[in-house]
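In this text, residue positions in the sequence shown follow our numbering: the first is 15, and each later residue adds one.
Okay, structure first, notes after.
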Amino acid sequence: MNEKVVMNDKVFMPLWTMCLFIVVMNTTMFNVSLPTIIQDLQISADLGSWVISSYSIGYALSTVIYSRLSDVLPIRRLLTVGLITLGLASVFGLFAHDFNTLLITRIVQSAGAGAMAGLGLVLASRYVPIERRGAAIAMISAGSAMAFGLGPIFGGVISQYFGWNGLFGITCLVLVVLPVLLRLLPKEQPQPAGFDVIGAALTVVNAASLLVAVTTQSLVWLAVGIVSIIVHAWYLKKAKESFINPQLLKMPGYLKLVTIGFCILVLNLGNLFLMPLVLANLFGKSALMIGLFIAPGALLSAFLTRFVGRFIDRYGNLRFLIIGHCILAAVMAAFALNLSVSPVVLLLGYLCFSPAFSATMASLNNEASRVLPRTWIGSGMGLLQLIQFFGGSVSVAVCGLLLHAQRDLAPAKAYEHVYGLLLLVSLCSLGVLLLYRRSHSKSNTGQSIQA
(Lines of atoms letter the chains of each structure in order from A and count residues from 1; the text may use other names and numbers.)
(Lines give C-alpha, C1' and ligand atoms only; values in the text may rest on other atoms or scores of the structure.)
Protein backbone atom coordinates (compact mmCIF):
# COMPACT_ATOMS: atom_id res chain seq x y z
CA MET A 1 0.00 0.00 0.00
CA ASN A 2 1.02 3.61 -0.48
CA GLU A 3 2.56 4.70 2.83
CA LYS A 4 2.03 8.44 2.10
CA VAL A 5 -1.74 8.11 2.24
CA VAL A 6 -3.25 10.08 5.13
CA MET A 7 -6.63 9.96 6.83
CA ASN A 8 -8.47 12.47 9.01
CA ASP A 9 -8.69 9.99 11.88
CA LYS A 10 -10.11 12.55 14.32
CA VAL A 11 -13.30 12.68 12.25
CA PHE A 12 -13.24 9.25 10.66
CA MET A 13 -12.67 7.05 13.73
CA PRO A 14 -15.68 8.35 15.75
CA LEU A 15 -17.92 7.81 12.71
CA TRP A 16 -16.48 4.33 12.19
CA THR A 17 -17.06 3.54 15.87
CA MET A 18 -20.70 4.56 15.54
CA CYS A 19 -21.18 2.14 12.63
CA LEU A 20 -19.35 -0.59 14.52
CA PHE A 21 -21.66 0.05 17.47
CA ILE A 22 -24.65 -0.71 15.22
CA VAL A 23 -23.05 -3.86 13.83
CA VAL A 24 -21.94 -5.28 17.18
CA MET A 25 -25.26 -4.42 18.80
CA ASN A 26 -26.89 -6.63 16.18
CA THR A 27 -25.31 -9.61 17.95
CA THR A 28 -27.04 -8.93 21.28
CA MET A 29 -30.31 -7.10 20.65
CA PHE A 30 -31.88 -10.25 19.21
CA ASN A 31 -31.28 -12.10 22.50
CA VAL A 32 -34.18 -10.50 24.34
CA SER A 33 -36.50 -11.09 21.36
CA LEU A 34 -35.67 -14.77 20.98
CA PRO A 35 -38.62 -16.03 23.10
CA THR A 36 -41.02 -13.96 20.98
CA ILE A 37 -39.44 -15.20 17.73
CA ILE A 38 -39.75 -18.81 18.89
CA GLN A 39 -43.41 -18.28 19.77
CA ASP A 40 -44.31 -16.37 16.59
CA LEU A 41 -42.61 -18.81 14.22
CA GLN A 42 -43.61 -21.89 16.25
CA ILE A 43 -40.12 -23.38 16.37
CA SER A 44 -38.14 -25.15 19.09
CA ALA A 45 -35.72 -23.36 21.37
CA ASP A 46 -32.77 -25.27 19.89
CA LEU A 47 -33.75 -24.17 16.39
CA GLY A 48 -34.35 -20.62 17.54
CA SER A 49 -30.87 -20.38 19.04
CA TRP A 50 -29.48 -20.47 15.49
CA VAL A 51 -30.87 -16.97 14.99
CA ILE A 52 -28.11 -15.88 17.37
CA SER A 53 -25.36 -18.42 16.73
CA SER A 54 -25.55 -18.26 12.91
CA TYR A 55 -24.82 -14.53 13.03
CA SER A 56 -21.96 -15.01 15.50
CA ILE A 57 -20.32 -17.74 13.42
CA GLY A 58 -20.66 -15.82 10.15
CA TYR A 59 -19.48 -12.59 11.80
CA ALA A 60 -16.31 -14.24 13.10
CA LEU A 61 -15.46 -15.83 9.77
CA SER A 62 -16.20 -12.80 7.61
CA THR A 63 -14.11 -10.63 9.93
CA VAL A 64 -10.89 -12.50 9.18
CA ILE A 65 -11.70 -12.72 5.46
CA TYR A 66 -12.20 -8.94 5.11
CA SER A 67 -9.08 -8.30 7.15
CA ARG A 68 -7.00 -10.65 5.00
CA LEU A 69 -8.43 -9.23 1.76
CA SER A 70 -7.31 -5.75 2.84
CA ASP A 71 -3.77 -6.82 1.96
CA VAL A 72 -4.68 -7.22 -1.70
CA LEU A 73 -7.80 -5.08 -2.31
CA PRO A 74 -8.63 -1.43 -1.51
CA ILE A 75 -10.46 -1.00 1.77
CA ARG A 76 -12.99 1.28 0.04
CA ARG A 77 -14.10 -1.58 -2.21
CA LEU A 78 -14.28 -4.07 0.66
CA LEU A 79 -16.26 -1.67 2.84
CA THR A 80 -18.71 -0.96 0.02
CA VAL A 81 -19.37 -4.67 -0.54
CA GLY A 82 -19.68 -5.36 3.19
CA LEU A 83 -22.06 -2.57 4.14
CA ILE A 84 -24.25 -2.94 1.06
CA THR A 85 -24.56 -6.66 1.84
CA LEU A 86 -25.43 -5.92 5.47
CA GLY A 87 -27.82 -3.10 4.61
CA LEU A 88 -29.76 -4.91 1.88
CA ALA A 89 -30.04 -8.05 4.03
CA SER A 90 -31.43 -5.87 6.82
CA VAL A 91 -34.04 -4.36 4.48
CA PHE A 92 -35.02 -7.90 3.47
CA GLY A 93 -35.25 -8.88 7.15
CA LEU A 94 -37.95 -6.28 7.75
CA PHE A 95 -40.27 -8.56 5.79
CA ALA A 96 -39.08 -11.98 7.06
CA HIS A 97 -42.02 -13.95 8.45
CA ASP A 98 -40.79 -17.55 8.47
CA PHE A 99 -37.79 -19.25 10.05
CA ASN A 100 -35.92 -20.14 6.84
CA THR A 101 -36.10 -16.56 5.58
CA LEU A 102 -35.03 -15.22 8.96
CA LEU A 103 -32.06 -17.60 9.19
CA ILE A 104 -30.86 -16.82 5.66
CA THR A 105 -31.17 -13.11 6.38
CA ARG A 106 -29.08 -13.39 9.53
CA ILE A 107 -26.37 -15.36 7.71
CA VAL A 108 -26.20 -12.82 4.87
CA GLN A 109 -26.13 -10.01 7.44
CA SER A 110 -23.12 -11.60 9.11
CA ALA A 111 -21.31 -11.91 5.76
CA GLY A 112 -21.39 -8.11 5.44
CA ALA A 113 -21.04 -7.20 9.12
CA GLY A 114 -17.50 -8.59 9.36
CA ALA A 115 -16.26 -5.67 7.27
CA MET A 116 -16.62 -3.25 10.18
CA ALA A 117 -14.73 -5.36 12.71
CA GLY A 118 -12.21 -6.75 10.23
CA LEU A 119 -11.24 -3.46 8.60
CA GLY A 120 -11.44 -1.12 11.61
CA LEU A 121 -8.27 -2.34 13.29
CA VAL A 122 -6.51 -2.55 9.93
CA LEU A 123 -7.34 1.11 9.24
CA ALA A 124 -6.22 2.20 12.70
CA SER A 125 -3.01 0.19 12.45
CA ARG A 126 -2.23 1.40 8.94
CA TYR A 127 -3.26 5.07 8.88
CA VAL A 128 -3.47 6.43 12.46
CA PRO A 129 -0.13 7.84 13.72
CA ILE A 130 1.40 5.67 16.39
CA GLU A 131 1.17 8.43 19.01
CA ARG A 132 -2.66 8.46 18.61
CA ARG A 133 -3.21 4.83 17.70
CA GLY A 134 -3.94 3.71 21.25
CA ALA A 135 -6.73 6.26 21.55
CA ALA A 136 -8.21 5.22 18.21
CA ILE A 137 -8.19 1.52 19.08
CA ALA A 138 -9.57 2.28 22.56
CA MET A 139 -12.47 4.12 20.89
CA ILE A 140 -13.21 1.05 18.74
CA SER A 141 -13.07 -1.25 21.77
CA ALA A 142 -15.35 1.01 23.80
CA GLY A 143 -17.86 1.16 20.94
CA SER A 144 -18.01 -2.63 20.93
CA ALA A 145 -18.33 -2.83 24.72
CA MET A 146 -21.13 -0.25 24.75
CA ALA A 147 -22.93 -2.14 21.98
CA PHE A 148 -22.78 -5.37 23.98
CA GLY A 149 -24.22 -3.57 26.98
CA LEU A 150 -26.91 -1.48 25.28
CA GLY A 151 -28.00 -4.13 22.77
CA PRO A 152 -30.50 -5.76 25.15
CA ILE A 153 -32.11 -2.37 25.92
CA PHE A 154 -32.50 -1.42 22.25
CA GLY A 155 -33.73 -4.91 21.48
CA GLY A 156 -36.30 -4.87 24.26
CA VAL A 157 -37.71 -1.43 23.41
CA ILE A 158 -37.84 -1.99 19.64
CA SER A 159 -39.38 -5.45 19.98
CA GLN A 160 -42.01 -4.20 22.37
CA TYR A 161 -43.20 -1.36 20.13
CA PHE A 162 -42.33 -2.50 16.59
CA GLY A 163 -42.01 -6.29 16.80
CA TRP A 164 -38.84 -8.29 16.26
CA ASN A 165 -38.76 -7.40 12.56
CA GLY A 166 -38.12 -3.84 13.65
CA LEU A 167 -34.67 -4.87 14.89
CA PHE A 168 -33.52 -5.02 11.27
CA GLY A 169 -34.31 -1.33 10.89
CA ILE A 170 -31.30 -0.40 13.05
CA THR A 171 -28.76 -2.04 10.73
CA CYS A 172 -30.40 -0.46 7.67
CA LEU A 173 -28.77 2.78 8.87
CA VAL A 174 -25.37 1.64 7.56
CA LEU A 175 -26.61 2.37 4.02
CA VAL A 176 -27.03 6.03 5.03
CA VAL A 177 -23.56 6.29 6.57
CA LEU A 178 -21.70 4.44 3.79
CA PRO A 179 -21.34 7.46 1.40
CA VAL A 180 -19.84 9.55 4.20
CA LEU A 181 -17.34 6.84 5.12
CA LEU A 182 -16.29 6.46 1.50
CA ARG A 183 -15.71 10.19 1.19
CA LEU A 184 -13.42 10.19 4.26
CA LEU A 185 -11.53 6.99 3.45
CA PRO A 186 -8.08 7.35 1.89
CA LYS A 187 -7.62 6.18 -1.69
CA GLU A 188 -5.14 3.32 -1.72
CA GLN A 189 -2.88 1.82 -4.32
CA PRO A 190 -2.81 -1.87 -3.39
CA GLN A 191 0.18 -3.92 -4.45
CA PRO A 192 -0.55 -6.79 -6.88
CA ALA A 193 -0.92 -10.00 -4.91
CA GLY A 194 -2.83 -13.25 -4.95
CA PHE A 195 -5.55 -14.44 -2.60
CA ASP A 196 -5.48 -17.98 -1.25
CA VAL A 197 -9.04 -19.18 -1.90
CA ILE A 198 -8.30 -22.75 -0.77
CA GLY A 199 -6.74 -21.53 2.47
CA ALA A 200 -9.69 -19.22 3.12
CA ALA A 201 -12.12 -22.10 2.52
CA LEU A 202 -10.19 -24.35 4.90
CA THR A 203 -10.19 -21.62 7.55
CA VAL A 204 -13.97 -21.30 7.23
CA VAL A 205 -14.42 -25.07 7.54
CA ASN A 206 -12.06 -25.20 10.55
CA ALA A 207 -13.86 -22.52 12.53
CA ALA A 208 -17.43 -23.33 11.46
CA SER A 209 -17.17 -27.07 12.10
CA LEU A 210 -15.68 -26.60 15.57
CA LEU A 211 -18.26 -23.96 16.51
CA VAL A 212 -21.11 -26.15 15.30
CA ALA A 213 -19.60 -29.13 17.15
CA VAL A 214 -19.60 -27.20 20.42
CA THR A 215 -23.03 -25.67 19.87
CA THR A 216 -24.74 -28.94 18.92
CA GLN A 217 -22.50 -31.30 20.97
CA SER A 218 -21.95 -33.32 17.80
CA LEU A 219 -19.07 -35.80 17.61
CA VAL A 220 -19.51 -35.92 13.84
CA TRP A 221 -18.86 -32.20 13.47
CA LEU A 222 -15.97 -32.46 15.93
CA ALA A 223 -14.41 -35.14 13.74
CA VAL A 224 -14.93 -32.93 10.67
CA GLY A 225 -13.22 -30.05 12.47
CA ILE A 226 -10.21 -32.15 13.54
CA VAL A 227 -9.76 -33.63 10.06
CA SER A 228 -10.04 -30.19 8.45
CA ILE A 229 -7.37 -28.82 10.80
CA ILE A 230 -5.02 -31.69 9.88
CA VAL A 231 -5.62 -31.04 6.18
CA HIS A 232 -5.08 -27.31 6.70
CA ALA A 233 -1.78 -27.92 8.54
CA TRP A 234 -0.59 -30.08 5.64
CA TYR A 235 -1.69 -27.40 3.17
CA LEU A 236 0.22 -24.66 5.03
CA LYS A 237 3.45 -26.58 4.49
CA LYS A 238 2.83 -26.75 0.73
CA ALA A 239 1.29 -23.34 -0.07
CA LYS A 240 3.55 -20.44 -1.03
CA GLU A 241 1.20 -17.58 -0.06
CA SER A 242 -1.44 -19.01 2.27
CA PHE A 243 -4.52 -17.31 3.72
CA ILE A 244 -3.20 -17.93 7.24
CA ASN A 245 0.37 -16.69 7.28
CA PRO A 246 2.34 -19.57 8.88
CA GLN A 247 5.10 -17.14 9.83
CA LEU A 248 2.69 -15.57 12.34
CA LEU A 249 2.70 -18.79 14.33
CA LYS A 250 6.50 -18.56 14.63
CA MET A 251 6.55 -14.89 15.55
CA PRO A 252 7.76 -14.30 19.14
CA GLY A 253 4.90 -13.34 21.42
CA TYR A 254 2.12 -13.43 18.82
CA LEU A 255 0.61 -16.74 19.99
CA LYS A 256 0.58 -15.42 23.56
CA LEU A 257 -1.37 -12.36 22.42
CA VAL A 258 -3.80 -14.62 20.54
CA THR A 259 -4.28 -16.76 23.66
CA ILE A 260 -4.97 -13.67 25.77
CA GLY A 261 -7.50 -12.42 23.21
CA PHE A 262 -9.28 -15.78 23.25
CA CYS A 263 -9.53 -15.75 27.06
CA ILE A 264 -10.74 -12.14 27.29
CA LEU A 265 -13.62 -12.78 24.87
CA VAL A 266 -14.47 -15.96 26.80
CA LEU A 267 -14.87 -13.77 29.89
CA ASN A 268 -16.85 -11.01 28.17
CA LEU A 269 -19.43 -13.05 26.27
CA GLY A 270 -19.65 -15.63 29.04
CA ASN A 271 -20.47 -12.85 31.51
CA LEU A 272 -22.97 -11.20 29.15
CA PHE A 273 -24.65 -14.59 28.68
CA LEU A 274 -24.86 -15.30 32.42
CA MET A 275 -25.84 -11.89 33.79
CA PRO A 276 -29.31 -11.74 32.16
CA LEU A 277 -30.04 -15.30 33.33
CA VAL A 278 -29.01 -14.49 36.88
CA LEU A 279 -31.04 -11.27 36.97
CA ALA A 280 -34.10 -13.03 35.54
CA ASN A 281 -33.97 -16.34 37.39
CA LEU A 282 -32.60 -15.27 40.79
CA PHE A 283 -34.06 -11.78 41.10
CA GLY A 284 -37.08 -11.84 38.74
CA LYS A 285 -36.00 -8.89 36.58
CA SER A 286 -37.73 -8.17 33.27
CA ALA A 287 -35.90 -7.89 29.95
CA LEU A 288 -35.97 -4.09 30.11
CA MET A 289 -34.72 -4.05 33.72
CA ILE A 290 -31.92 -6.43 32.78
CA GLY A 291 -30.83 -4.01 30.10
CA LEU A 292 -30.93 -1.14 32.61
CA PHE A 293 -28.66 -3.09 34.96
CA ILE A 294 -26.13 -3.65 32.15
CA ALA A 295 -26.31 -0.16 30.61
CA PRO A 296 -24.41 1.85 33.30
CA GLY A 297 -21.27 -0.23 32.86
CA ALA A 298 -21.43 0.13 29.09
CA LEU A 299 -21.96 3.90 29.32
CA LEU A 300 -19.12 4.30 31.81
CA SER A 301 -16.86 2.36 29.45
CA ALA A 302 -17.73 4.74 26.61
CA PHE A 303 -17.18 7.80 28.83
CA LEU A 304 -13.71 6.62 29.89
CA THR A 305 -12.61 5.88 26.32
CA ARG A 306 -10.82 9.17 25.69
CA PHE A 307 -8.88 8.89 28.94
CA VAL A 308 -8.00 5.22 28.51
CA GLY A 309 -6.70 5.82 25.00
CA ARG A 310 -4.49 8.68 26.13
CA PHE A 311 -3.14 6.69 29.07
CA ILE A 312 -2.35 3.73 26.81
CA ASP A 313 -0.43 5.98 24.42
CA ARG A 314 1.41 7.57 27.34
CA TYR A 315 2.15 4.64 29.65
CA GLY A 316 2.14 1.66 27.30
CA ASN A 317 -0.03 -1.38 26.61
CA LEU A 318 1.38 -3.88 29.10
CA ARG A 319 0.58 -1.80 32.16
CA PHE A 320 -3.09 -1.54 31.18
CA LEU A 321 -3.25 -5.18 30.19
CA ILE A 322 -2.15 -6.20 33.69
CA ILE A 323 -4.45 -3.70 35.46
CA GLY A 324 -7.39 -4.79 33.29
CA HIS A 325 -6.74 -8.47 33.96
CA CYS A 326 -6.62 -7.89 37.71
CA ILE A 327 -9.97 -6.04 37.66
CA LEU A 328 -11.61 -8.71 35.49
CA ALA A 329 -10.38 -11.47 37.81
CA ALA A 330 -11.60 -9.55 40.88
CA VAL A 331 -15.09 -9.15 39.36
CA MET A 332 -15.26 -12.85 38.46
CA ALA A 333 -14.21 -13.73 42.03
CA ALA A 334 -16.91 -11.45 43.46
CA PHE A 335 -19.57 -13.04 41.26
CA ALA A 336 -18.40 -16.56 42.11
CA LEU A 337 -18.59 -15.87 45.87
CA ASN A 338 -21.43 -13.34 46.36
CA LEU A 339 -23.69 -13.69 43.34
CA SER A 340 -26.97 -14.37 45.17
CA VAL A 341 -26.62 -11.61 47.78
CA SER A 342 -28.19 -8.82 45.73
CA PRO A 343 -28.61 -7.68 42.11
CA VAL A 344 -26.56 -4.65 43.13
CA VAL A 345 -23.51 -6.96 43.13
CA LEU A 346 -24.05 -7.49 39.41
CA LEU A 347 -24.62 -3.79 38.78
CA LEU A 348 -21.45 -2.72 40.58
CA GLY A 349 -19.48 -5.63 39.14
CA TYR A 350 -20.32 -4.71 35.56
CA LEU A 351 -19.49 -1.07 36.27
CA CYS A 352 -15.93 -2.31 36.86
CA PHE A 353 -15.96 -5.14 34.30
CA SER A 354 -16.99 -3.21 31.19
CA PRO A 355 -14.34 -0.44 31.35
CA ALA A 356 -11.68 -3.02 32.28
CA PHE A 357 -12.67 -5.17 29.30
CA SER A 358 -12.53 -2.20 26.92
CA ALA A 359 -9.13 -1.08 28.21
CA THR A 360 -7.77 -4.62 28.04
CA MET A 361 -8.95 -5.19 24.49
CA ALA A 362 -7.67 -1.80 23.35
CA SER A 363 -4.26 -2.49 24.89
CA LEU A 364 -4.13 -5.99 23.41
CA ASN A 365 -5.04 -4.88 19.89
CA ASN A 366 -2.67 -1.92 20.08
CA GLU A 367 0.15 -4.18 21.24
CA ALA A 368 -0.52 -6.57 18.36
CA SER A 369 -0.52 -3.67 15.85
CA ARG A 370 2.89 -2.57 17.17
CA VAL A 371 4.63 -5.95 17.04
CA LEU A 372 3.27 -7.01 13.65
CA PRO A 373 5.25 -6.00 10.54
CA ARG A 374 3.28 -3.59 8.34
CA THR A 375 2.89 -6.16 5.58
CA TRP A 376 1.36 -8.64 8.04
CA ILE A 377 -1.20 -6.25 9.58
CA GLY A 378 -4.16 -7.63 7.62
CA SER A 379 -3.44 -11.30 8.22
CA GLY A 380 -2.19 -10.83 11.78
CA MET A 381 -5.07 -8.67 13.05
CA GLY A 382 -7.58 -10.79 11.16
CA LEU A 383 -6.41 -14.04 12.74
CA LEU A 384 -6.34 -12.37 16.16
CA GLN A 385 -9.96 -11.25 15.79
CA LEU A 386 -11.07 -14.64 14.47
CA ILE A 387 -9.65 -16.36 17.55
CA GLN A 388 -11.24 -13.74 19.79
CA PHE A 389 -14.72 -14.21 18.32
CA PHE A 390 -14.24 -17.96 18.35
CA GLY A 391 -13.50 -17.73 22.08
CA GLY A 392 -16.68 -15.75 22.66
CA SER A 393 -18.83 -18.20 20.69
CA VAL A 394 -17.34 -21.19 22.49
CA SER A 395 -17.84 -19.47 25.85
CA VAL A 396 -21.60 -19.04 25.39
CA ALA A 397 -22.02 -22.66 24.31
CA VAL A 398 -19.91 -24.06 27.15
CA CYS A 399 -21.61 -21.91 29.79
CA GLY A 400 -24.98 -23.14 28.56
CA LEU A 401 -23.83 -26.76 28.67
CA LEU A 402 -22.45 -26.36 32.19
CA LEU A 403 -25.70 -24.86 33.44
CA HIS A 404 -27.64 -27.71 31.84
CA ALA A 405 -25.34 -30.27 33.48
CA GLN A 406 -26.02 -28.64 36.89
CA ARG A 407 -29.78 -28.35 36.44
CA ASP A 408 -30.41 -30.40 39.61
CA LEU A 409 -28.48 -27.91 41.77
CA ALA A 410 -29.87 -24.70 43.18
CA PRO A 411 -29.65 -22.08 40.40
CA ALA A 412 -27.45 -19.76 42.50
CA LYS A 413 -24.88 -22.52 43.06
CA ALA A 414 -24.85 -23.46 39.37
CA TYR A 415 -24.22 -19.86 38.31
CA GLU A 416 -21.50 -19.43 40.93
CA HIS A 417 -19.74 -22.58 39.71
CA VAL A 418 -19.69 -21.31 36.13
CA TYR A 419 -18.37 -17.94 37.28
CA GLY A 420 -15.69 -19.85 39.18
CA LEU A 421 -14.61 -21.39 35.88
CA LEU A 422 -14.49 -17.93 34.28
CA LEU A 423 -12.31 -16.80 37.19
CA LEU A 424 -9.92 -19.64 36.37
CA VAL A 425 -9.84 -18.50 32.73
CA SER A 426 -8.99 -14.94 33.80
CA LEU A 427 -6.11 -16.18 35.97
CA CYS A 428 -4.76 -18.34 33.17
CA SER A 429 -4.87 -15.35 30.83
CA LEU A 430 -3.02 -13.25 33.42
CA GLY A 431 -0.36 -15.96 33.63
CA VAL A 432 0.15 -15.91 29.85
CA LEU A 433 0.34 -12.12 29.96
CA LEU A 434 3.08 -12.21 32.60
CA LEU A 435 5.03 -14.67 30.45
CA TYR A 436 4.63 -12.31 27.50
CA ARG A 437 5.84 -9.33 29.55
CA ARG A 438 8.84 -11.32 30.71
CA SER A 439 9.83 -12.33 27.17
CA HIS A 440 9.13 -8.78 25.96
CA SER A 441 11.43 -7.34 28.64
CA LYS A 442 14.21 -9.79 27.74
CA SER A 443 13.84 -8.88 24.06
CA ASN A 444 14.11 -5.16 24.79
CA THR A 445 17.11 -5.77 27.06
CA GLY A 446 18.84 -7.79 24.37
CA GLN A 447 18.22 -5.06 21.80
CA SER A 448 19.63 -2.43 24.18
CA ILE A 449 22.77 -4.48 24.76
CA GLN A 450 23.29 -4.95 21.02
CA ALA A 451 22.81 -1.24 20.46
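Glycine included, every Cβ here is placed at the ideal spot set by N, Cα and C.
Predicted, not measured: the structure shown is a model, and the values here were computed from it.
| Sequence-distant residues of its chain with Cβ nearer than 7 Å to Trp390 (five each side left out) | Once the five neighbours on either side are set aside, the close Cβ partners of Trp390 are Asn259, Leu262.
| said: Is the beta carbon of Val439 closer than 8 Å to that of Leu281? | reply: Going by C-beta atoms, Leu281 is nearer than 8 Å to Val439.
| message | Below 8 Å, how does it come out for the segment 130–143 and the segment 383–402: are there three or more Cβ pairs, yes or no? | response | Yes: at least three Cβ pairs fall under 8 Å.
| query | What does a CB cutoff of less than 6 Å around Ser139 pick up in its chain, not counting 5 residues either side in sequence? | reply | Cβ neighbours of Ser139 beyond the five flanking positions: Ser383, Ile391.
| request: Give the DSSP-derived three-state secondary structure of Cys186 in the structure shown. | output: DSSP, reduced to helix, strand and coil, places Cys186 outside both helices and strands of the structure shown, so it counts as coil.
| request: Return the chain-ordered list of same chain residues with a C-beta closer than 6 Å to the C-beta of Phe403, the five sequence neighbours on each side being excluded. | output: So the list reads Ala74, once near-sequence residues are dropped.
| field | Limits of the alpha helix (DSSP H) - the one that Trp30 falls within | value | Counting along the chain, the alpha helix (DSSP H) containing Trp30 begins and ends at 23–39.
| task | Determine the extent of the alpha helix (DSSP H) in which His339 is found, giving its start and end residues. | result | In this chain, the alpha helix (DSSP H) harbouring His339 covers 331–352.
| field | Integer Cβ distance of Thr31 from Gly157, believed to fall under 8 Å | value | Thr31 to Gly157, Cβ: 4 Å. Contact.
| Exposed or buried, Pro22, counting other C-beta atoms within 10 Å across all chains shown (16 or more means buried)? | The question names Pro, but residue 22 is Asn in the sequence shown. Exposed, since its Cβ has fewer than 16 Cβ neighbours within 10 Å.
| Which residues in the same chain as Ile401 place their Cβ atom closer than 7 Å to its Cβ, once the five residues preceding and following it in sequence are excluded? | Here the set comprises Val272, Gly275, Phe276.
| query | To which residues of the same chain is Asn10 closer than 7 Å at the C-beta, ignoring the five residues directly before and after it? | reply | For the chain, the structure presents residues 15 to 465; residue 10 sits outside this window and is missing.
| field | Collapsed DSSP secondary structure at Ala125 in the structure displayed | value | Here Ala125 sits in helix by DSSP.
| task | May I have the straight-line CA-CA distance separating Phe287 from Gln231, to the nearest angstrom? | result | If you take the alpha carbons of Phe287 and Gln231, they lie about 19 Å apart.
| Backbone secondary structure at Asp422 - three-state DSSP | Asp422 carries a coil assignment under DSSP once its states are collapsed to helix, strand and coil.
| message | Determine whether the beta carbon atoms of Ile36 and Trp178 lie at a separation below 8 Å. | response | Taking 8 Å as the cut-off, the Cβ atoms of Ile36 and Trp178 do not count as close.
| message | My assumption, with CB atoms under 8 Å, is that Leu397 sits in contact with Val78. Please give the rounded CB distance. | response | Contact flag correct, Cβ pair sits at about 6 Å.
| query | Can you list, in chain order, the residues of its chain whose CB lies under 8 Å from that of Ala222, leaving out five sequence neighbours each side? | reply | For Ala222, where only same-chain residues beyond five positions count, the Cβ hits under 8 Å are Ile71, Leu75.
| message | Just verifying my parser: in three-state terms, what is the DSSP assignment at Gly101? | response | DSSP places Gly101 in helix when its eight states are reduced to three.
| Which word fits Ser356, buried or exposed, when buried means at least 16 other C-beta atoms lie within 10 angstroms of its C-beta? | Here Ser356 is exposed, its C-beta having fewer than 16 other C-beta atoms within 10 Å.
| request: Kindly confirm or deny that the segment 90–105 and the segment 119–132 touch, where touching means at least three C-beta pairs closer than 8 Å. | output: Under the Cβ criterion (8 Å, minimum of three pairs), the segment 90–105 counts as touching the segment 119–132.
| query | Does the separation of the CB atoms of Phe371 and Ile278 fall below 8 Å? | reply | Less than 8 Å separates the beta-carbon of Phe371 from that of Ile278.
| Whole-angstrom C-beta distance between Met27 and Met153, which should lie under 8 Å | Rounded to the nearest angstrom, the Cβ distance from Met153 to Met27 is 6 Å, consistent with a contact under 8 Å.
| said: Within a Cβ cutoff of 7 Å, which residues of the same chain sit near Val188, ignoring the five residues on either side of it in sequence? | reply: Cys33, Ile36, Leu97, Leu100, Gly101, listed in sequence order.
| request: Could you tell me how far apart the beta carbons of Ser256 and Asp210 are, in whole angstroms, since I believe they sit closer than 8 Å? | output: Taking 8 Å as the upper bound for CB-CB distance, Ser256 and Asp210 are in contact here, some 5 Å apart.
| Mind pulling the alpha helix (DSSP H) runs of 4 or more residues that sit fully within the segment 204–280? | Annotation note: the segment 204–280 contains the following uninterrupted alpha helix (DSSP H) runs of length 4 or greater, listed N- to C-terminal: 211–230, 233–252, 260–264.
| said: Restricting to Cα atoms, I'd like to know which of Val238, Gly394, Cys413, Asn331 is closest to Thr374. | reply: Closest in C-alpha terms to Thr374, from the list Val238, Gly394, Cys413, Asn331, comes Asn331.
| message | By the DSSP assignment, the alpha helix (DSSP H) with Phe109 in it spans what residues? | response | For Phe109, there is no enclosing alpha helix (DSSP H), as DSSP gives it neither H nor E.
| In angstroms, rounded to a whole number, what distance separates the CA positions of Thr217 and Val245? | Straight-line Cα distance between these residues: approximately 11 Å.
| field | Element boundaries [alpha helix (DSSP H), containing Trp468] | value | Missing from the structure shown is residue 468; the chain here goes from 15 to 465 and no further.
| request: Tell me whether Val412 counts as near the ligand NAD, meaning its Cβ is closer than 7 Å to at least one heavy atom of that ligand. | output: The ligand content of the structure shown is nil, which means the ligand NAD is not present either.
| said: Output needed for His454: all residues of its chain with C-beta closer than 8 Å, excluding positions within five of it in sequence on either side, in chain order. | reply: Excluding five sequence positions before and after His454, the CB atoms of its chain that fall closer than 8 Å to its own CB belong to Gly267, Leu332, given in chain order.
| request: Please state whether DSSP places Lys427 in a helix, a strand or coil. | output: Lys427 falls in the helix class under three-state DSSP.
| Does DSSP put Phe297 in a helix, in a strand, or in coil? | Under the three-state reduction of DSSP, Phe297 is assigned to coil, being neither helix nor strand.
| query | Can you check whether the CB of Val228 is closer than 8 Å to the CB of Val408? | reply | With a cutoff of 8 Å on beta-carbon distance, Val408 and Val228 are scored as near each other.
| From this set, Leu293, Tyr141, Lys254, Val171, which residue's C-alpha is nearest Leu361's C-alpha? | The alpha carbon of Leu361 has as its nearest neighbour, out of Leu293, Tyr141, Lys254, Val171, the alpha carbon of Leu293.
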